[in-house]
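Student: Dumping the structure here so I can ask a few things about it.
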Amino acid sequence: MEYMDEQSIDPNLICSICHKALKDPVCTPCDHTYGRECITQWLNQNDKSSCPMCLKKPISINELTQASRPLRNMLDQIRVQCTLCAQTGLQRGSFVDHVNKICPKSVVSCQAADIKCPWKGPRDELQSHLLTCVFEPLRPVLSSLIAQNRQLIDQVQKHDNEIKKLIQQMHQLQP
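Just so we're aligned: 105 in our numbering is position 8 of the sequence shown, and the numbers increase by one with no gaps anywhere.
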């Protein structure tokens with residue numbers, strides 16, 4: 098993800114530690130806002146426990162609170178570009194959905210991954226893969242075998258427990 102026009106981002110939405118748009122913004126007790134990762138590193142670094150802006154001490158990580166909804170909404174509306182597919186004009190708040198559900202260049206697994214298909218590749222190549230995937234046509238057979246295998250594992254575990262109990266009982270009966 099890249100910001101489309103970093104210069105136009107409201108200065109109130111910039112972290113004063115890293116000088117980038119706030120990520121997971123949190124507020125200090127003295128009402129300054131930082132990205133959670135930045136302020137956490139700041140407070141943990143060299144035992145600093147003061148606000149970087151006003152140097153108010155002490156501040157604990159437990160005292161940080163989530164930034165206000167309006168501020169988070171403003172951050173979510175910043176326009177970004179996807180570095181995978183180069184689509185522009187995405188809102189930062191919907192970027193994760195874009196990558197997880199839409200982006201043609203996002204790496205996805207085959208829908209037969211649950212039955213051990215190892216294929217992973219760009220979303221826009223998934224349909225082509227599915228045409229040649231050897232696992233999907235075997236799904237009914239593999240699903241049945243996997244279910245039977247689980248049942249057998251459960252039975253072995255059950256029998257193993259019974260054997261252990263019998264061995265314990267046998268040891269208790271021996272003089």
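Just so it is clear, CB atoms sit at the ideal spot from N, CA and C, and this is done for glycine as well.
All values reported here derive from a predicted model rather than from experimental measurement.
Do Leu-172 and Leu-119 have their CB atoms nearer than 9 Å?
Tutor: Residue 172 sits at position 75 when you count from the first residue of the sequence shown. Residue 119 sits at position 22 when you count from the first residue of the sequence shown. Yes, Cβ-Cβ distance for Leu-172 and Leu-119 is below 9 Å.
Student: Helix, strand or coil: which one does DSSP assign to Ser-206?
Tutor: Taking the sequence shown and counting its residues from 1, one reaches residue 206 at position 109. Of the three classes helix, strand and coil, the one that applies to Ser-206 here is strand, per DSSP.
Student: Let me confirm a value: Val-253 is counted as buried when at least 16 other C-beta atoms fall within 10 Å, else exposed. Which label applies?
Tutor: Walking along the sequence shown from the start, residue 253 turns up at place 156. Its Cβ having fewer than 16 others within 10 Å, Val-253 is exposed.
Student: If Ile-156 sits next to Ser-147, beta carbons under 8 Å apart, how far is it from one beta carbon to the other, in whole angstroms?
Tutor: Residue mapping note: residue 156 aligns to position 59 of the sequence shown, counting from 1. Residue mapping note: residue 147 aligns to position 50 of the sequence shown, counting from 1. Right, their Cβ atoms sit about 6 Å apart.
Student: Distance, Cα to Cα, Gly-218 vs Cys-200?
Tutor: Against the sequence shown, residue 218 aligns to sequence position 121. Against the sequence shown, residue 200 aligns to sequence position 103. Computed Cα separation, rounded: 12 Å.
Student: For the segment 259-267 against the segment 242-251, are there 3 or more C-beta pairs whose distance is under 8 Å?
Tutor: The segment 259-267 is not in contact with the segment 242-251.
Student: List the endpoints of the continuous beta strand (DSSP E) containing Gln-178.
Tutor: Locating residue 178 in the sequence shown gives position 81, where the first residue counts as 1. Counting along the chain, the beta strand (DSSP E) containing Gln-178 begins and ends at 176-178.
Student: In chain order, which alpha helix (DSSP H) runs of at least 4 residues are fully inside the segment 137-192?
Tutor: For the segment 137-192, whole alpha helix (DSSP H) runs of length 4 or above, ordered along the chain, are 166-173.
Student: Just to confirm the assignment, what range does the beta strand (DSSP E) spanning Lys-217 have?
Tutor: What you label residue 217 is simply residue 120 of the sequence shown in a count that begins at 1. Residues 217-219.
Student: Whose C-alpha, out of Gln-163, Lys-154 and Pro-108, is nearest the C-alpha of Glu-134?
Tutor: As a position in the sequence shown, residue 134 is number 37, starting the count at 1. Nearest C-alpha to Glu-134: Gln-163.
Student: Ala-210: which of Leu-168, Lys-154 and Leu-239 sits nearest, CA to CA?
Tutor: Counting from one through the sequence shown, the residue named residue 210 turns up at place 113. Per the Cα distances, Leu-239.
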